[in-house]
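The opening residue of the sequence shown carries number 1 in the UniProt record's numbering; numbering runs sequentially from there.
Just below is one structure, and these are the notes that go with it.
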Amino acid sequence: MTGMSRSFIDRLRIFVKAGSGAAGNPVVRGKGGNGGCVYLEAKEDASLEKLLQNNPTKRFKATHGMEASKRRGQLLGQDGHDVVIPVPPGISVLLDTQNPTQSVNTPRNPSVPIKLGDLDRPGQRLLVAQGGMGGIAQTGYLGSPGQAHSIVLDLKLMADYGLLGFPNAGKSSLLRAVSKANVKVASYPFTTVRPQLGHCRYSDARLISLADLPGLDDIYATYSEAGNILPNQATADSSDCDTPTLPALRHTNFLKHVERSSCLLLVLDASGFQRNQYSPWRSPLACAYILMQMLERWSGGFLLEKPFMCVLNKIDLPGVEKETQETLKWLEEIQSPSAQAHSGLSRELLPSYIPQFLNIHPISATKGTNIAELKDSLRQTLDAIELRKHASLIQRRLKQEFAKDDALLFDRSTTYC
C-alpha cells in the first residue's frame, strides 16, 4: 500500500455544462435530439490529482443534440453524447452558488453550497448537469438549453479507522507497523503534512484501511489558568471561536477525513506531550481529553458519537514502563470524575461528553511490541461495529415494513353499502 502523493488534493472546483436540445422540424413534425448530460462516476483508480492533470481547464462540456431534418430524412434528431467524469470514492458533490460577479460574500448575500449527493462506492453515478430537451410541437419545436454551473468536489477519505493524536505521537510509525505503508517517519513534530492511507492485510486477504492525519496542535498550550489567552499568544482569529475565552481552532480542516471512519483511534505518547519548552506538559490522559474536546468543538459533538479505541505508544522509552500501568488504569476510567480531576485540566478544556474506549493497547510501533495483538483487535472491533450497524439497519427496515402493514390495515376508510 502506498501513501498519498505529495500533490494530494481533497477539494476541487470544476465547471460542467450539459448539451442543449436541438430544434425540431415543423414541416415533418420531427423531434430534435436531446442534449448530452454530465455525470460523475466513482472509480477505484481515480483521484482528483489525475482529474486536474488530465483536464487543467477544469471545464467539462457535453455535446448538443442534432436537429431533425427533412433533407437528411431524420424525423428524430440524434441525442448529444454524455460526459462521464471519473472521481475517487468518498466524494461529496456541492453546487457552488457563489455569484461570479461577487468576489466577496456578504451577510446579505452569503454563498451557501447545495449538496447534490455523495459517491461512496465504485460504480456509483451522479447526474450533475441535465441535458436540454429537443424541440417538439408542444415547445414550438424549440430546444431547451442544458444546465451549466460550477460544482465543488469535496473528498473525504473512506477509511475504517482514523488515526488522531498530537504531533510526534507515532501515528505514522503505527501506520507503517500495521500496514507496511511507505510513509514518512521522523522524530520531529508535524512530519505528516497531508493524509496518509494504509491497508492492514490479513492472512485470509481481509483488508482494513487506516487513515493517518496530520497531528492536531495543542492550541490550549497558551491558555492560562484564569481562563484567558496569554497576552503574547493572542491570535487575530480568536474572536471567531464559539467560546470567547478559548483559542480558535486552527488547521483542522483535515478532520473531515474521519467523518466517514467507522472508528476513531487515538494515538497517545506514553511519555506525554509538550508543545515547546514554554508550554505545559500534558499527561497521556490530559492529551486524550484535549483531543476529544477539540473534536467536539470542530464537529459539534458529531465525531464523539463514533466508537473510540486508544493506543498508548512508545512504552519502550526509558522511565515510561513504570507509569504505563497507572496510565492504562486512568484511561480505562476516563469517564469518571476522579480521572477528570487527575488530568489537571480546567473544566473548559474537558469535553461535555466523554466516550468510553472500546479497547486500549500499550504498544511500541518502532519495536513492534504488541502490534500483532493490536491488529487482531482492530479486526475484531471493526467486525463488531459492522455487525451492530447491520442489525440496526435490519431493525429500521422492519419498522418501516410494520408501519406499511399498519397503514394498510388500519388507515383505510370505512365503506358503507
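A virtual CB, placed ideally from N, CA and C, is assigned to each residue, including glycine.
Asked: Touching by the beta-carbon criterion (3+ pairs, under 8 angstroms), the stretch 112–122 and the stretch 87–97; Found: yes
Asked: Cut-off 7 angstroms between Cβ atoms - residues of its own chain near T63, not counting five sequence neighbours on either side; Found: G19, G36, G80, H81
Asked: Boundaries (first-last residue) of the beta strand (DSSP E) holding K156; Found: Per DSSP, K156 belongs to no beta strand (DSSP E) and is neither H nor E.
Asked: Residues near H342 by beta carbon distance below 7 angstroms, same chain, minus five either side; Found: L285, W330
Asked: Cβ-based neighbour list, V152, same chain, cut-off 7 angstroms, excluding 5 preceding and 5 following; Found: R11, R13, L94, D96, P113
Asked: K399, buried or exposed, once every other Cβ within 10 Å from all chains shown has been counted against 16; Found: exposed
Asked: Assigned exposure category for F302 - 16 Cβ within 10 Å defines buried; Found: exposed
Asked: Buried versus exposed call for L374 [16 or more other C-beta atoms within 10 Å across all chains shown]; Found: buried
Asked: Any non-hydrogen atom of the ligand MG within 7 angstroms of Q196 CB; Found: Summarising the ligand content, the structure contains no ligands, and the ligand MG is consequently not present.
Asked: Y220 and I290 closer than 8 angstroms at C-beta; Found: yes
Asked: From L127, M292, G165, residue whose alpha carbon lies closest to that of A148; Found: L127
Asked: Nearest-angstrom Cα separation, counted from N34 out to Y141; Found: 12 angstroms
Asked: Assigned secondary structure, D383 (DSSP; H/G/I helix, E/B strand, else coil); Found: helix
Asked: is_contact[C287, chain B] using C-beta, thresh 8 angstroms; Found: The structure shown has no chain B; it contains just one protein chain.
Asked: Identity of the residue in N370, R250, L264, I9 nearest E305 by Cα; Found: L264
Asked: Host alpha helix (DSSP H) of I315 (start-end); Found: It is not in any alpha helix (DSSP H) - I315 carries neither H nor E in the DSSP assignment.
Asked: Close Cβ partners of I9 (< 6 angstroms) along its chain, the five nearest in sequence each way excluded; Found: L48, E49
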